[in-house]
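Worksheet for the structure shown next.
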């Protein structure tokens, strides 16, 4: 990764090495990007907020989808301009075959402006683009038949569509996401129930969530929980909330 960071700084963008590496790390995190652009080898952090390993300990290469951002570049499909010091020629824009800004979203702050674009499903966006090409006068409601809403990498459940419609119509909107949880009966709990969380809202730190739940239980702001543990592994997320005898999972939720 250090070699890639050096090339980026030296040839394309004279920014700090930490800023460049953090960007590479984010593009390799399945919980940050809907469609990863970097295939990473090593520790690239976790949904618990763990930091990635130093750049000298990780390796990166372009993910398969990222190659589509550069497809046909050698065929002079886009204009070329000098880099920041005039020693290299770089493409003014990427000749991408995928609408990356829409499918992976963007979040950032610049001078006097800020943006927060949520990620979307690639297939739905492509269908929407094709429909818009056939009929440039599509209304927002008609376009939403193809793109019903954002599609977050950590999944979760979007509450209501009013915020989505407002965002698509005006460029500003608020979307509420909740975790996906199911209530199960414990195998050896004598009829006791447990809540299993398998999906979290986008960009929510799982470790902090568990700490917050434990804190609320300790302060008796949440009643009925007897045990809380994280059983997540490489196969997926699983947060278990065991309830006391007689407690109803739906009520605690």
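Residue numbers (full-length UniProt numbering): 1 to 253. Even glycine gets a Cβ: it sits at the ideal position worked out from N, Cα and C.
Check your understanding: Which class does residue 62 belong to by DSSP, given the choice of helix, strand or coil?
Key -> As a first step, residue 62 must be located in the chain shown, where it is residue number 62. Strand at residue 62.
Practice item. With DSSP as the reference, please indicate the residues paired to residue 115 in a beta bridge. Key: Looking up residue 115 in the chain shown gives position 115. DSSP lists 108 as partners of residue 115.
Exercise for review: Run the CB neighbour count on residue 35, radius 10 Å, all protein chains shown included, and call it buried at 16 or more, exposed below.
Suggested key: Numbered from 1 along the chain shown, position 35 holds the residue referred to as residue 35. When all chains shown are included, residue 35 counts as buried.
Practice item. Could you tell me which uninterrupted beta strand (DSSP E) segments, each at least 3 residues in length, are contained entirely in the stretch 179-215, listed from first to last along the chain? Key: 180-185 and 193-199
**Study point:** 7 Å Cβ shell around residue 249 - same chain, five flanking residues per side excluded
**Key:** For the purposes of this step, residue 249 is taken as the residue at position 249 of the chain shown. Here the set comprises 183, 193, 195 and 243.
Check your understanding: Taking the alpha carbon of residue 123 as the point to measure from, which residue in 114, 99 and 138 has its own alpha carbon closest?
Key -> To locate residue 123, count along the chain shown from 1; it is residue 123. The candidate whose alpha carbon is nearest that of residue 123 is 99.
Check your understanding: What is the residue span of the beta strand (DSSP E) that residue 229 lies within?
Key -> Residue numbering aside, residue 229 sits at position 229 when the chain shown is read from its first letter. First-last of the beta strand (DSSP E) with residue 229: 225-230.
Point to revise | Helix, strand or coil at residue 262 [DSSP, three-state] | key: Coverage of the chain is limited to positions 1 through 253, which leaves residue 262 absent and any answer about it impossible.
Exercise for review: Alpha carbon to alpha carbon, how far is residue 131 from residue 143? Give it in angstroms, no decimals.
Suggested key: For this step, residue 143 is matched to residue 143 along the chain shown. For this step, residue 131 is matched to residue 131 along the chain shown. Taking the straight line from one Cα to the other gives about 8 Å.
Check your understanding: Do the stretch 64-81 and the stretch 93-113 touch if we need at least three Cβ pairs shorter than 8 Å?
Key -> yes
Exercise for review: Compute the distance between the beta-carbons of residue 11 and residue 88, then report whether it is under 7 Å.
Suggested key: As a first step, residue 11 is located in the chain shown; it is residue number 11 there, counting from the start. As a first step, residue 88 is located in the chain shown; it is residue number 88 there, counting from the start. Yes.
Exercise for review: Could you name the residues that DSSP lists as bridge partners for residue 39?
Suggested key: Locating residue 39 in the chain shown gives position 39, where the first residue counts as 1. Per DSSP, 61.
Check your understanding: Among residues of its own chain, excluding the 5 on either side of residue 113, which ones have a beta-carbon nearer than 6 Å to its beta-carbon?
Key -> Your numbering for residue 113 matches position 113 in the chain shown. No residues qualify anywhere along the chain.
Point to revise | Pairwise C-alpha distance: residue 227 and residue 240 | key: Taking the chain shown and counting its residues from 1, one reaches residue 240 at position 240. Taking the chain shown and counting its residues from 1, one reaches residue 227 at position 227. Those two C-alpha atoms are separated by around 8 Å.
Exercise for review: Reducing DSSP to helix, strand and coil, say where residue 6 ends up.
Suggested key: Position 6 of the chain shown, counted from the start, is the residue given in the question as residue 6. If DSSP states are grouped into helix, strand and coil, residue 6 belongs with the helices.
Exercise for review: Alpha carbon to alpha carbon, how far is residue 76 from residue 33? Give it in angstroms, no decimals.
Suggested key: One-based indexing of the chain shown puts residue 33 at position 33. One-based indexing of the chain shown puts residue 76 at position 76. Each residue's alpha carbon lies about 29 Å from the other.
**Study point:** Span of the alpha helix (DSSP H), counted from its first residue to its last, around residue 18
**Key:** Numbered from its first residue, the chain shown carries residue 18 at position 18. 17-27 is the span of the alpha helix (DSSP H), which, as asked, contains residue 18.
**Study point:** Sequence-distant residues of the same chain with beta carbon closer than 6 Å to residue 237, five excluded per side
**Key:** Within the chain shown, residue 237 is the residue found at index 237, counting from 1. Closer than 6 Å at the Cβ level, and outside the excluded window around residue 237, lie 198.
**Study point:** Among 233, 126, 115 and 230, the one whose alpha carbon lies nearest that of residue 171
**Key:** As a first step, residue 171 must be located in the chain shown, where it is residue number 171. Looking at the Cα atoms, 115 is the closest of the given residues.
Check your understanding: In three-state DSSP terms, what is residue 258?
Key -> The requested residue 258 is not part of the displayed model; the chain covers only 1 to 253.
Exercise for review: Could you tell me whether any Cβ in chain C is nearer than 7 Å to the Cβ of residue 253?
Suggested key: Absent here is chain C; the protein component of the structure consists of one chain.
Check your understanding: On the premise that residue 39 lies in contact with residue 62, defined as a C-beta separation below 8 Å, what is that separation, rounded to the nearest angstrom?
Key -> For the purposes of this step, residue 62 is taken as the residue at position 62 of the chain shown. For the purposes of this step, residue 39 is taken as the residue at position 39 of the chain shown. Indeed they touch by this definition, with Cβ atoms about 7 Å apart.
Check your understanding: Could you give the residue range of the beta strand (DSSP E) that holds residue 157?
Key -> On the chain shown, position 157 is the one that residue 157 refers to. Element bounds for residue 157: 157-159.
Exercise for review: With DSSP collapsed to three states, give me the class of residue 164.
Suggested key: Start at 1 with the first residue of the chain shown, and residue 164 comes out as number 164. Of the three classes helix, strand and coil, the one that applies to residue 164 here is helix, per DSSP.
Check your understanding: When the distance is taken between beta carbons, is residue 125 closer than 7 Å to residue 168?
Key -> Numbered from its first residue, the chain shown carries residue 168 at position 168. Numbered from its first residue, the chain shown carries residue 125 at position 125. No, the Cβ-Cβ distance between residue 168 and residue 125 is not below 7 Å.
Point to revise | Inter-residue CB distance, residue 14 and residue 84 (contact presumed, cutoff 8 Å) | key: Taking the first residue of the chain shown as 1, we reach residue 14 at position 14. Taking the first residue of the chain shown as 1, we reach residue 84 at position 84. Contact flag correct, Cβ pair sits at about 6 Å.
Check your understanding: If we call anything under 7 Å between Cβ atoms a contact, is residue 57 one with residue 45?
Key -> As a working note, residue 57 is residue 57 in the chain shown. As a working note, residue 45 is residue 45 in the chain shown. Cβ distance not < 7 Å, so residue 57 and residue 45 don't count as in contact.
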